[in-house]
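*Asks:* First the structure, which I've put down as structure tokens, then a few questions once you've had a look.
In my numbering, the protein residues as written are 3 to 457.
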């Protein structure tokens, strides 16, 4: 697209943004598939946004897999406003479990919110949401750890079908989250209204990770990795629901929100990094030799073959700087879409999963009083997890890796009323987490008092 067209679109978005901030955003209309507004004249004014309009850095994703950062407003000029006193549209805010693996307190809860889907298109939204999650879980380590996740689809009913900027920059549609392409003049950048996202995310049982799926087949998305919500999620990823390549955007963004990973790409004009050692686990000021000497960052992975190709080492350029910072591999998904996580990235992702979820759960609440007449079962959501049982601190070797017990088989001794302590300990032995400090969250235990009989 020519620069003139981009400037025209930017002016159009600025005008609409001003209208939204000044209270002139379009009000809610009856749900349905209204025809899109085609002309800039249908927007409210051509004034620039008021001074002080909040912006934040977001990531934009080109079709060739390259990634860049731009500034985007936190509010959308295309957000539908429901007038006070108007009843919510039927189905708006409904929550549907796409994947229910267990209690939200023990799982990592993903909230998928649709935008640009009319009342008649909510089933299409749920289908698109499920497909995006399948795309995410096709990538390791998601594929192995999918049992740690719940996925909740939240319906956001829009008065118009589709989103602004699709198929072209003149197309305007007002939607529940205000999704729009051509954000900051970048055609493939798909921005949303952050507060609207938070309002809908709050309807789910829990929100550890938020994904917005827009009703569009146009390639695009955005990564809001600086967002920190009181609900608990850090970051928002937006993707086009009808585009087969957009799931990679969500995978990259969760590298930030779950893995706390830095971007591994650089800008030519950024100069040389002069700061302190970064906190992120996948960029460093250290060369491979110094990293080995200090035993820090990804020193445990140096020299090993990485799933994204090549060998783990220290490759200069990362964290937006072409010099002064090093990344672990030549080209992982934190540098370009369509790649795998490298070994340090995979380790960080697994550790991130376990910050929210646990490797051991049970339908019987921990601490429940049990007797020899009861049956006890536990669940191991990750394949290959090791399970050990202990009675009063001594391992019951014969019960290793058994997930269901008849407590009569324990053959308890002593007074019938005296409680014994039965403990299950689960450990994920994955070789993909090498850092001992991170491995602590890969073990969990549950304990129950057990007596020979009730009373």
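Here a beta-carbon is modelled for each residue, glycine too, at the ideal position from N, C-alpha and C.
Considering only residues of the segment 379–403, which uninterrupted beta strand (DSSP E) runs meet the minimum length of 3 residues and lie entirely inside it, listed in chain order?
*Replies:* The qualifying runs are 388–393.
*Asks:* Between the C-alpha atoms of residue 37 and residue 354, what's the straight-line distance to the nearest angstrom?
*Replies:* With a pLDDT of only 39 at residue 37, under 50, the local geometry of the prediction cannot be trusted, and the value read off the model is given with reservation. Roughly 43 angstroms separates the two Cα atoms.
*Asks:* Compare the Cα-Cα distances from residue 81 to each of 138, 282, 178 and report the closest residue.
*Replies:* Residue 178 is the option with its Cα nearest to residue 81.
*Asks:* When we look at the beta-carbon of residue 348 and count the other beta-carbons within 10 Å, is it buried (16 or more) or exposed?
*Replies:* When all chains shown are included, residue 348 counts as buried.
*Asks:* By the three-class DSSP mapping on this structure, what secondary structure does residue 284 have?
*Replies:* Three-state DSSP puts residue 284 in coil, outside helix and strand.
*Asks:* Could you compute how far the alpha carbon of residue 99 sits from the alpha carbon of residue 130?
*Replies:* In a straight line, the C-alpha of residue 99 is about 14 angstroms away from that of residue 130.
*Asks:* Whole-angstrom Cβ separation of residue 428 and residue 388, contact assumed at under 8 angstroms?
*Replies:* Correct: roughly 7 angstroms between the Cβ atoms.
*Asks:* Tell me the DSSP secondary structure of residue 106 in three-state form.
*Replies:* Residue state, collapsed to three classes: helix.
*Asks:* Does DSSP put residue 274 in a helix, in a strand, or in coil?
*Replies:* Strand at residue 274.
*Asks:* Using a threshold of 9 angstroms, state whether the C-beta atoms of residue 211 and residue 77 are closer than that.
*Replies:* No, they are not a contact pair.
*Asks:* For residue 184, count neighbouring Cβ atoms within 10 angstroms of its own Cβ and tell me buried if that reaches 16, exposed if not.
*Replies:* Label assigned to residue 184: buried.
*Asks:* By Cβ distance, which residues of its chain are closer than 7 angstroms to residue 446, with the 5 residues on each side in sequence left out?
*Replies:* Correct list, in chain order: 360, 361, 362, 428.
*Asks:* Quick check on DSSP: helix, strand or coil for residue 49?
*Replies:* Reliability fails at residue 49, whose pLDDT of 26 lies under 50, so the model's placement of it is uncertain and the value that follows must be treated cautiously. It is coil, neither helix nor strand.
*Asks:* Return helix, strand or coil for residue 339, following the three-state DSSP convention.
*Replies:* In this structure, residue 339 counts as coil in the three-state DSSP scheme.
*Asks:* Hey, could you find the ends of the beta strand (DSSP E) residue 143 is sitting in?
*Replies:* Per DSSP, residue 143 belongs to no beta strand (DSSP E) and is neither H nor E.
*Asks:* Rounded to whole angstroms, what is the Cα-Cα separation between residue 322 and residue 266?
*Replies:* Each residue's Cα considered, the two are about 7 angstroms apart.
*Asks:* Residue ranges of each alpha helix (DSSP H) run of no fewer than 4 residues wholly in the segment 127–189, ordered along the chain?
*Replies:* Here the runs fully enclosed are 144–147.
*Asks:* Taking only the alpha-carbon atoms, compute the straight-line gap between residue 527 and residue 452 and give it to the nearest angstrom.
*Replies:* Nothing in the structure corresponds to residue 527, since the chain is present only between 3 and 457.
*Asks:* Quick check on DSSP: helix, strand or coil for residue 118?
*Replies:* Three-state DSSP puts residue 118 in coil, outside helix and strand.
*Asks:* Whole-angstrom Cβ separation of residue 352 and residue 435, contact assumed at under 8 angstroms?
*Replies:* With 8 angstroms as the limit, residue 352 and residue 435 qualify as a contact, their Cβ atoms being about 5 angstroms apart.
*Asks:* Roughly how many angstroms lie between the CA atoms of residue 329 and residue 195, to the nearest whole one?
*Replies:* Each residue's alpha carbon lies about 33 angstroms from the other.
*Asks:* One question on the structure: do residue 118 and residue 218 come within less than 9 angstroms of each other, judged by their Cβ atoms?
*Replies:* Yes, Cβ-Cβ distance for residue 118 and residue 218 is below 9 angstroms.
*Asks:* Unbroken alpha helix (DSSP H) runs of length 4 or more, entirely within the segment 247–271: which are they?
*Replies:* Runs of the alpha helix (DSSP H) inside the segment 247–271: 249–259.
*Asks:* Using DSSP bridges, identify the partner residues of residue 69.
*Replies:* In DSSP, residue 69 forms a bridge with 63.
*Asks:* Tell me the rounded alpha-carbon separation between residue 86 and residue 283.
*Replies:* Going from the Cα of residue 86 to the Cα of residue 283 covers about 47 angstroms.
*Asks:* Using the beta-carbon count (16 or more within 10 Å), is residue 269 buried or exposed?
*Replies:* With fewer than 16 Cβ atoms within 10 Å of its Cβ, residue 269 is classed as exposed.
*Asks:* DSSP on residue 344, reduced to helix/strand/coil?
*Replies:* Note: residue 344 maps to coil in three-state DSSP.
*Asks:* Let's see if you can read the secondary structure: which residues bound the beta strand (DSSP E) around residue 448?
*Replies:* Start and end: 445–453.
*Asks:* Ignore the nearest five residues each way along the sequence and tell me which others in residue 304's own chain have a CB closer than 6 angstroms to its CB.
*Replies:* So the qualifying residues of the chain are 290, 314.
*Asks:* Are the CB atoms of residue 240 and residue 223 nearer to each other than 9 angstroms?
*Replies:* Closer than 9 angstroms, so yes.
*Asks:* Alpha carbon to alpha carbon, how far is residue 403 from residue 395? Give it in angstroms, no decimals.
*Replies:* Their Cα atoms are separated by approximately 17 angstroms.
*Asks:* Once DSSP output is grouped into helix, strand and coil, what is the label at residue 426?
*Replies:* Reduced to three states, the DSSP call for residue 426 is strand.
*Asks:* So, is residue 370 buried or exposed, given that buried needs 16 or more other C-beta atoms within 10 angstroms?
*Replies:* So residue 370 ends up on the exposed side.
*Asks:* Run through DSSP, which three-state label would residue 332 get?
*Replies:* If DSSP states are grouped into helix, strand and coil, residue 332 belongs with coil.
*Asks:* With a 10 Å radius around its C-beta and 16 neighbouring C-beta atoms as the bar for buried, classify residue 274 as buried or exposed.
*Replies:* With fewer than 16 other Cβ atoms within 10 Å, it is exposed.
*Asks:* Work out the CA separation of residue 263 and residue 439 for me, nearest whole Å.
*Replies:* Computed Cα separation, rounded: 17 angstroms.
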